[in-house]
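Worksheet: one structure, shown below.
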């Protein structure tokens, strides 16, 4: 892989007015206000998996991080660390995925960097994407969930655990019947729509590493309310359930890359749910629980068989290199 | 290394109002205008070297990339990829370096991410920093050097090649007499001062990978002028010279991390030079050459012995993992 070939690849797929300045810093316009700025490194193993690859993931993940803060994602950076010997075709597939996903999301990859390390000093390819977006003042409360209050409803935009299972399945080369695909998707359009149409959105968070359980626990931590949700209302696909039973995973803790929880005022919950269900990435949305005065700082699940279970933060190791 | 320990380390050293929101996206204020946005991954080997470490480098490099575009650097992101088994003390030294260098530069590290990969799947630590800054409209021409014209003077802020030699020396465990230290430094204060006091600044570029030669060649490429400079006016320390003679390197192509070339109007050159020489990172500044009508698209060096030499782009491999 020569520097020149790699550069040509990036120009081919990432072409836009800002990137093509080809200077070290991209110069992009923004309006006055709050800027949202985020970064994530992607080290997923394997780099290709059902439903996506490391490139798609690197765009979706950062777009979603910006979106859940209330911001409109605008610009991404892309930093590649390549292991010597990575086939150029693989890199091209990844770069093409990034380009396609950026187009879908309506963001521009405006600056980038590539480093190459010797064989054995990295694992094929690692990608860092940082992202910049703008945030309307009136959404400033959203990222910390300052307006969450008892009575608020908890909505999820679809079934959980698919990204985790898709990656683990590909890594371990398990023969999963009806192979599960990653739910990897850029949710910014869905999220923008909800924000624009509704004043009652209190909080949005993407369910990545640590899954639904970890996010719910984080929401209530050191707050004066709890969350109660119902096991039967959380959508989990049959294939994901069987895989989890087989290997001892709990879908509540599995990673997702196209799933969010939204906490909304009780009065607007039904309307927001309907709007979400009309969107491609929200068809299977459902209300799974509510914010309650009881269980202060805790998350409690009503189980299928009628009991209750206290939901803990993930204990022990998280699945490594899932994103 | 547990997730908790690592998180505590970052909170300890990177504490600031924006980072401590601890949400996925940092929300930071900016004024309307052009935003400069850049990214770089750092994979330097070894991670500690005379004059710096990978953390200091990751801050300086990105601060400098923003600064040379004309922007005032404001916010950095930091994405870490850690190899399992990296001693926590090493990580702490690196994080502390980043914190200290960010303070010196007056920038804030506002968002971050850490991924851990198995032993043998990375090399100790890789760091990506992306950076955001704001750019006054009147400096928009600088990053592409649109106002460069024949007669302009070429200034360098000090001696070249020290970063490259410091890293290579540390990597190969060479016994370099009077061990050379990396010139790694955040040049934003120097650069801001020059911009603020002078209208005649046409172009600034940092001399990183590829060194002085590569930057000069890039400047003239597909332009209607050339650059002529004098070998004897380019500052090179004796230790760097001997090391280069010994190993067959050319200092013109060696990496620097605290060096810039500035192209300025002939009328302001002396004044800018004097201002630079008063600054800690510009004491050894000198005028090394000028932009000329001859040699269109080419860089020519007048050698010590009175001849001229055409300066090429770097041929063959660049030194790997120098930054």
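Chains as they are written, first to last, in the working numbering: chain Z, 1 to 323; chain F, 324 to 646. Note that beta-carbon positions come from the ideal geometry of N, C-alpha and C, so glycine has one too. In this text the structure is predicted, and so the values were computed from the model without any measurement.
For residue i and residue j, what's the separation of their Cα atoms in angstroms?
i: residue 139 of chain Z; j: residue 254 of chain Z; result: 29 Å
i: residue 46 of chain Z; j: residue 89 of chain Z; result: 16 Å
i: residue 193 of chain Z; j: residue 75 of chain Z; result: 19 Å
i: residue 362 of chain F; j: residue 382 of chain F; result: 11 Å
i: residue 548 of chain F; j: residue 534 of chain F; result: 21 Å
i: residue 242 of chain Z; j: residue 198 of chain Z; result: 38 Å
i: residue 121 of chain Z; j: residue 574 of chain F; result: 28 Å
i: residue 184 of chain Z; j: residue 52 of chain Z; result: 7 Å
i: residue 240 of chain Z; j: residue 309 of chain Z; result: 21 Å
i: residue 93 of chain Z; j: residue 473 of chain F; result: 44 Å
i: residue 297 of chain Z; j: residue 323 of chain Z; result: 28 Å
i: residue 485 of chain F; j: residue 600 of chain F; result: 19 Å
i: residue 217 of chain Z; j: residue 299 of chain Z; result: 6 Å
i: residue 467 of chain F; j: residue 596 of chain F; result: 22 Å
i: residue 333 of chain F; j: residue 582 of chain F; result: 29 Å
i: residue 447 of chain F; j: residue 84 of chain Z; result: 17 Å
i: residue 281 of chain Z; j: residue 275 of chain Z; result: 11 Å
i: residue 238 of chain Z; j: residue 227 of chain Z; result: 26 Å
i: residue 475 of chain F; j: residue 455 of chain F; result: 30 Å
i: residue 497 of chain F; j: residue 246 of chain Z; result: 55 Å
i: residue 537 of chain F; j: residue 617 of chain F; result: 19 Å
i: residue 338 of chain F; j: residue 331 of chain F; result: 10 Å
i: residue 12 of chain Z; j: residue 335 of chain F; result: 42 Å
If you measure between the beta carbons of residue i and residue j, is that distance less than 7 Å?
i: residue 154 of chain Z; j: residue 292 of chain Z; result: no
i: residue 530 of chain F; j: residue 579 of chain F; result: yes
i: residue 126 of chain Z; j: residue 439 of chain F; result: no
i: residue 301 of chain Z; j: residue 314 of chain Z; result: no
i: residue 79 of chain Z; j: residue 118 of chain Z; result: no
i: residue 165 of chain Z; j: residue 234 of chain Z; result: no
i: residue 350 of chain F; j: residue 36 of chain Z; result: yes
i: residue 249 of chain Z; j: residue 167 of chain Z; result: no
i: residue 188 of chain Z; j: residue 73 of chain Z; result: yes
i: residue 428 of chain F; j: residue 509 of chain F; result: yes
i: residue 514 of chain F; j: residue 390 of chain F; result: yes
i: residue 380 of chain F; j: residue 367 of chain F; result: yes
i: residue 627 of chain F; j: residue 555 of chain F; result: yes
i: residue 6 of chain Z; j: residue 111 of chain Z; result: no
i: residue 641 of chain F; j: residue 528 of chain F; result: no
Whose Cβ in chain Z lies nearer than 7 Å to the Cβ of residue i?
i: residue 644 of chain F; result: 117
i: residue 490 of chain F; result: Near residue 490 of chain F there are no residues of chain Z at all, since even the closest Cβ is about 14 Å away, more than 7 Å.
i: residue 394 of chain F; result: 25
Could you tell me which chain F residues have their CB closer than 8 Å to the CB of residue i, listed as they occur along the chain?
i: residue 303 of chain Z; result: None at all; the shortest Cβ gap to chain F is about 28 Å.
i: residue 140 of chain Z; result: 350
i: residue 135 of chain Z; result: 350
Is residue i buried or exposed, if buried means 16 or more other CB atoms sit within 10 Å of its CB?
i: residue 17 of chain Z; result: exposed
i: residue 387 of chain F; result: buried
i: residue 29 of chain Z; result: exposed
i: residue 385 of chain F; result: buried
i: residue 98 of chain Z; result: buried
i: residue 431 of chain F; result: buried
i: residue 95 of chain Z; result: buried
i: residue 55 of chain Z; result: buried
i: residue 87 of chain Z; result: exposed
i: residue 545 of chain F; result: exposed
i: residue 593 of chain F; result: exposed
i: residue 91 of chain Z; result: buried
i: residue 629 of chain F; result: exposed
i: residue 357 of chain F; result: buried
Can you pull the chain A neighbours of residue i, defined as C-beta to C-beta under 7 Å?
i: residue 453 of chain F; result: Judged by its chain identifiers, the structure shown contains no chain A, and its protein chains are Z and F.
Give the residues of chain F in contact with residue i, contact being defined as C-beta atoms less than 9 Å apart.
i: residue 122 of chain Z; result: 366, 404, 440, 444, 445, 446 and 449
Leaving out the 5 sequence neighbours to the left and right, which residues in its chain are closer than 6 Å to residue i when beta-carbon positions are compared?
i: residue 200 of chain Z; result: 264, 265 and 268
i: residue 425 of chain F; result: 382 and 432
i: residue 504 of chain F; result: 373, 374 and 489
i: residue 179 of chain Z; result: 50
Can you list, in chain order, the residues of its chain whose CB lies under 7 Å from that of residue i, leaving out five sequence neighbours each side?
i: residue 363 of chain Z; result: Past the edges of chain Z, shown from 1 to 323, lies residue 363 of chain Z, and the structure says nothing about it.
i: residue 607 of chain F; result: 481, 482 and 558
i: residue 354 of chain F; result: 457
The ligand COA and residue i: does the residue's C-beta get closer than 6 Å to at least one heavy atom of that ligand?
i: residue 335 of chain F; result: This structure lacks the ligand COA; in fact it carries no ligand of any kind.
What in chain F is Cβ-close to residue i, meaning under 7 Å?
i: residue 111 of chain Z; result: 360, 361 and 362
By Cβ distance below 8 Å, which residues in the same chain neighbour residue i in space, the five residues on each side in sequence not counted?
i: residue 148 of chain Z; result: 202, 203, 219, 223, 225, 263 and 291
Can you name the residues of chain Z whose CB is closer than 9 Å to the CB of residue i?
i: residue 409 of chain F; result: Going along chain Z, no residue has its Cβ under 9 Å from residue 409 of chain F, so there is no contact; the nearest lies around 14 Å.
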